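Notes follow once the structure below has been shown.
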Amino acid sequence: MGFFKALCNDTRLSIVLSLKDKPKNVSQLTSELGMEQSRISHNLQCLEKNGFVTVEQDGKQRIYSLNKDTIEPILKAVKKHTEKYGLNSC
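For what it's worth, this note's numbering labels the leading residue of the sequence shown as 1295, then goes sequentially.
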């Protein structure tokens, strides 16, 4: 799956933006985003498979966080860009 194709899905983009604040488990994401658990889980699998998120096991829970090596720096660069140039339509 292409990088931008992965993010053009509203659910996956919402998950990525939610995880930029702090790592979360599926229940936290489900509650915060107001979506079904199966939908969140399916899209987390896609994000994990494509290296957007990493997973740590905490007892029975899986804690998801953004890939610190690649995705976090990209989001910081996007934030810097939009602060400088805004989000003008083409």
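Note that the Cβ used here is the ideal one computed from N, Cα and C, for glycine as well.
Small disclaimer: the values here were computed from a predicted structure and weren't measured.
Go ahead and label residue i buried or exposed: buried means 16 or more other beta carbons lie within 10 angstroms of its beta carbon, across all protein chains shown.
i: Y1358; result: buried
i: L1307; result: exposed
i: L1323; result: buried
If distances are taken between C-alpha atoms only, which option among the options comes closest to residue i?
i: P1317; options: Q1355, R1333, G1328, K1343; result: Q1355
i: K1373; options: E1342, K1314, C1302, N1303; result: K1314
i: F1298; options: N1361, N1319, S1332, F1346; result: F1346
i: K1339; options: I1368, H1375, A1300, G1380; result: According to the sequence as given, residue 1339 is Gln; it is not Lys. Taking only the C-alpha atoms, the option nearest Q1339 is A1300.
i: S1312; options: S1383, T1376, L1360; result: L1360
i: K1362; options: H1375, G1353, H1336, T1348; result: T1348
Go ahead and pull the three-state DSSP assignment for residue i.
i: T1348; result: strand
i: L1369; result: helix
Ordered list of alpha helix (DSSP H) runs contained in the stretch 1296-1345, each at least 4 residues: Listed in chain order, they are 1297-1301, 1304-1313, 1320-1327, 1331-1343.
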